[in-house]
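Each residue of the sequence shown is one higher than the last, beginning at -16 in the numbering used here. No residue lacks a Cβ here, since even glycine has one placed at the ideal position from N, Cα and C.
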Amino acid sequence: MKSFLEDLYYGKLYPGEQIVSNDPKYRALNREISEMMQMWRQKLSEEDFRQLEAMLDLQGESNSIHNMETFVQGFKLGASMMIEVWNGKE
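Pasting the structure below:
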């Protein structure tokens, strides 16, 4: 059985890829996004739609960076709480 630390060392941990939302809103939102993308594909020229996709890709990258920073901040906060508990600070 591999340990968490081994997986961390070998870069086998991908928490973002393991998340599957159980929130019913998640699937509904993704369905709505797909429907809207199909609508815009029909309304826009091929070049305009390509530019829309490029902009949405940039937005996705921006969101990914923000999510990573949020994850790191949460991890640091959790570690700080553990240190405080272990040190017995009130």
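Consider the C-beta atom of Glu30 and the heavy atoms of the ligand MG; say whether any pair is separated by less than 7 Å.
Ligands are entirely absent from the displayed structure, and the ligand MG is therefore not among its contents.
Exercise for review: Check each candidate in Ala62, Ser47, Gly57 and name the one with the smallest Cα separation from Glu0.
Suggested key: Scanning Ala62, Ser47, Gly57 for the CA closest to the CA of Glu0 turns up Ser47.
Looking at the secondary structure, which residues open and close the alpha helix (DSSP H) in which Ile16 lies? 7 to 26
Pairwise C-alpha distance: Phe58 and Asn70:
About 18 Å.
- C-alpha distance - Met38 paired with Glu67, whole-angstrom precision: 43 Å
Counting only the same chain and skipping the five closest in sequence on each side, list residues whose C-beta sits under 7 Å from that of Leu27. Leu35
Exercise for review: Measure the C-alpha to C-alpha separation of Tyr9 and Glu(-11) and round it to an integer number of angstroms.
Suggested key: 32 Å
- request: Could you tell me whether any Cβ in chain D is nearer than 8 Å to the Cβ of Asn5?
  value: Considering every chain present, this structure includes no chain D. It has just one protein chain.
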